[in-house]
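*Asks:* Chains B and V supply the protein sequences, listed in that same order.
In this text, residue positions in the first sequence follow the working numbering: the first is 1, and each later residue adds one.
In this text, residue positions in the second sequence follow the working numbering: the first is 1001, and each later residue adds one.
Number of protein chains: 2
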Amino acid sequence: MIAKQVLEERLELFLRKAREANIRVTPQRLAIYRVVAASEDHPGVEEIHKKLHRNFPTLSLDTVYRTLRLLEDLGFVNAVGPRRETLRYDANTKRHHHFTCLRCGLIRDFEDARLSALKIPAQTRVLGQPQDLRVEVLGVCNACLKKNPKKK
Amino acid sequence: MIAKQVLEERLELFLRKAREANIRVTPQRLAIYRVVAASEDHPGVEEIHKKLHRNFPTLSLDTVYRTLRLLEDLGFVNAVGPRRETLRYDANTKRHHHFTCLRCGLIRDFEDARLSALKIPAQTRVLGQPQDLRVEVLGVCNACLKKNPKKK
DNA sequence: TCCTAAATAGTAATGATTACCAAGTAGGAA
DNA sequence: TTCCTACTTGGTAATCATTACTATTTAGGA
Ligand SMILES: [Mn+2]
Ligand SMILES: [Mn+2]
Ligand SMILES: [Zn+2]
Ligand SMILES: [Zn+2]
């Protein structure tokens, strides 16, 4: 779980920006955003839907999909996760980096001062107008190593 | 198009490694790998299939999918491309980096000495056994800027 | 409280990817 | 060369994540 204060800040920002964008803040939207904003492990659609079932027994899967697409378009979340796997979401839109397990799909944030300080390389200006830089480290997580240490 | 010599090297390596791995080098497999290895723009499955239709009129889409998955498992290609879009493939398995257009999905390689020299951050060892590091720059490509410069 | 555009729930449709299987083929043994 | 067998392919069906549709409900302002 994320620090309570970080969550509060995210929710506050969400409410403010959502009103500015003339988006209705429905209970469903707020709840869906809250799950992503409170999570540390980049949850997927089914997972979010399941987690909300207790409080919203009639919440439709389509609403979860629609809402997450909306949140993405508005810049509140980013879609992450390896190709070939289902969509996962990240409410941390500040520059940070990911460790992704090639076996089980686990995604964890990590911080690194040198990476965070990286300037966007000048070469990319030849290709267009760069906006963001992301670093991803691929590997095998501890849990998967424990299960099967040898397999390369 | 890639430099002819680079292509030759890739094909040679492919033939050698494929035999080592006891994989039959069928005309279809070689042709599919050749298209990816010769391309600079990270082609998708349909594109590869279409390009081969002249020489392999009966080549099935499933064979293209199956072969690319095989090539990926064997480490000859990587699956790339933004979430939400179809699979694209990259035969360059050396460390290099991508500029991706958020509007049209264009993916171009770029080199950067500082990025290539990056060591994998030590923090990631807490999470598991890191193997690879990738950098992706997101932005808007020149063609898209020309079409609609203002839209942010 | 009332009104209306916007949002939701439930379900159907879509489309990329994967699975299946009969027929074909590569490559080794005799 | 011929034969054998396991592997591969083509054609097509199935799957499954995601998106579209529509009648009904609701947020939010007058
Ligand atoms: Mn993250
Ligand atoms: Mn590349
Ligand atoms: Zn793992
Ligand atoms: Zn573009």
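Where is the CB? At the ideal position from N, CA and C, for every residue including glycine.
Nothing here was measured: the structure is a model prediction, and the numbers come from that model.
1. What does the Cβ neighbour count give for V:Gly1075, buried or exposed, with the cut at 16 atoms within 10 Å?
2. Please confirm whether V:Val1140 has its beta-carbon closer than 7 Å to some beta-carbon of chain B.
3. CB B:Ala31 to CB B:Ile2, shorter than 7 Å?
4. Along chain B, which residues have their Cβ under 9 Å away from the Cβ of V:Phe1076?
5. Which residues are close to ligand 1, meaning CB closer than 7 Å to any heavy atom, in chain order?
6. Where are the beta strand (DSSP E) runs, 3 residues long or more, that stay fully inside the stretch 28-91 of chain B, in chain order?
7. Are B:Arg95 and B:Ser116 closer than 7 Å when you measure CB to CB?
8. Taking C-beta pairs closer than 7 Å, name the residues in chain B that V:Arg1084 reaches, listed in chain order.
9. Only counting the same chain, and skipping five residues up and downstream in sequence, which positions put a Cβ closer than 6 Å to that of B:Gly81?
10. From V:Thr1063 to V:Glu1046, what distance separates their C-alpha atoms?
11. Please work out which residues of its chain come closer than 6 Å, Cβ to Cβ, to V:Thr1067, disregarding the five sequence neighbours upstream and downstream, and give them in chain order.
12. Between B:Phe110 and chain V, is the shortest Cβ-Cβ distance under 7 Å, so that the two count as touching?
13. Can you tell me which of V:Arg1114, V:Val1006, V:His1053 and V:Phe1110 puts its alpha carbon nearest to the alpha carbon of V:Val1137?
14. Tell me which residues share the same chain as V:Leu1161 and place their Cβ nearer than 7 Å to its Cβ, disregarding the 5 neighbours each side in the sequence.
15. So with Cβ pairs under 7 Å, would you call B:Asp132 a contact of chain V?
16. Quick check: what's the CA-CA separation for V:Leu1052 versus V:Val1025?
17. Between V:Ala1143, V:His1042, V:Arg1125 and V:Gly1105, which has its C-alpha nearest B:Val140's C-alpha?
18. Quick check: the Cα distance between V:Lys1119 and B:Arg16, rounded to an integer number of angstroms?
19. Output yes or no for whether 7 Å exceeds the beta carbon distance between V:Arg1083 and B:Ala79.
20. How would you list, in chain order, the residues of chain V whose beta-carbon sits under 8 Å from the beta-carbon of B:Val45?
21. Closer than 6 Å to a non-hydrogen atom of ligand 3 - does that hold for the CB of B:Arg19?
*Replies:* This is what the structure holds:
1. For the purposes of this step, residue 1075 of chain V is taken as residue 75 along the second sequence, with counting starting at 1. Counting Cβ neighbours within 10 Å, V:Gly1075 comes out exposed, since fewer than 16 surround it.
2. To locate residue 1140 of chain V, count along the second sequence from 1; it is residue 140. Output row for V:Val1140: interface = yes.
3. Counting from one through the first sequence, the residue named residue 31 of chain B turns up at place 31. Counting from one through the first sequence, the residue named residue 2 of chain B turns up at place 2. Cβ distance not < 7 Å, so B:Ala31 and B:Ile2 don't count as in contact.
4. Along the second sequence, read from residue 1 onward, the residue named residue 1076 of chain V stands at position 76. Those do not exist, as V:Phe1076 stays about 16 Å from chain B at its closest Cβ, beyond 9 Å.
5. Selection output, chain order preserved: B:His42, B:Val80, B:Asp90, B:Asn92, B:His96, B:His98, B:Ile107 and B:Asp109.
6. List check, beta strand (DSSP E) in window: 78-80 and 88-90.
7. One-based indexing of the first sequence puts residue 95 of chain B at position 95. One-based indexing of the first sequence puts residue 116 of chain B at position 116. Yes, they are a contact pair.
8. For the purposes of this step, residue 1084 of chain V is identified with residue 84 of the second sequence, where counting begins at 1. Here the neighbours are Ala79.
9. Within the first sequence, the letter at position 81 stands for residue 81 of chain B. So the qualifying residues of the chain are Arg88.
10. Residue 1063 of chain V sits at position 63 when you count from the first residue of the second sequence. Residue 1046 of chain V sits at position 46 when you count from the first residue of the second sequence. About 12 Å.
11. For the purposes of this step, residue 1067 of chain V is identified with residue 67 of the second sequence, where counting begins at 1. These residues qualify, in order along the chain: Arg1029 and Ile1032.
12. Taking the first sequence and counting its residues from 1, the one referred to as residue 110 of chain B is at position 110. Closer than 7 Å to some Cβ of chain V, the Cβ of B:Phe110 qualifies, so yes.
13. As a position in the second sequence, residue 1137 of chain V is number 137, starting the count at 1. Minimum Cα distance to V:Val1137 is reached at V:Phe1110.
14. This structure cannot speak to residue 1161 of chain V, because chain V is shown only from 1001 to 1152.
15. As a position in the first sequence, residue 132 of chain B is number 132, starting the count at 1. Closer than 7 Å: yes.
16. For the purposes of this step, residue 1052 of chain V is taken as the residue at position 52 of the second sequence. For the purposes of this step, residue 1025 of chain V is taken as the residue at position 25 of the second sequence. One alpha carbon belongs to V:Leu1052, the other to V:Val1025, and they sit about 17 Å apart.
17. Sequence index remark: in the first sequence, residue 140 of chain B carries index 140 (1-based). Comparing alpha carbon positions, the residue from V:Ala1143, V:His1042, V:Arg1125 and V:Gly1105 closest to B:Val140 is V:Arg1125.
18. Here residue 1119 of chain V corresponds to residue number 119 of the second sequence, with the count starting at 1. Here residue 16 of chain B corresponds to residue number 16 of the first sequence, with the count starting at 1. When only Cα atoms are considered, V:Lys1119 and B:Arg16 end up about 40 Å apart.
19. Working through the second sequence from its first residue, we reach residue 1083 of chain V at position 83. Working through the first sequence from its first residue, we reach residue 79 of chain B at position 79. Yes.
20. Translated into positions along the first sequence, residue 45 of chain B becomes position 45. None at all; the shortest Cβ gap to chain V is about 12 Å.
21. For the purposes of this step, residue 19 of chain B is identified with residue 19 of the first sequence, where counting begins at 1. Not so, every heavy atom of ligand 3 lies at least 6 Å from the Cβ.
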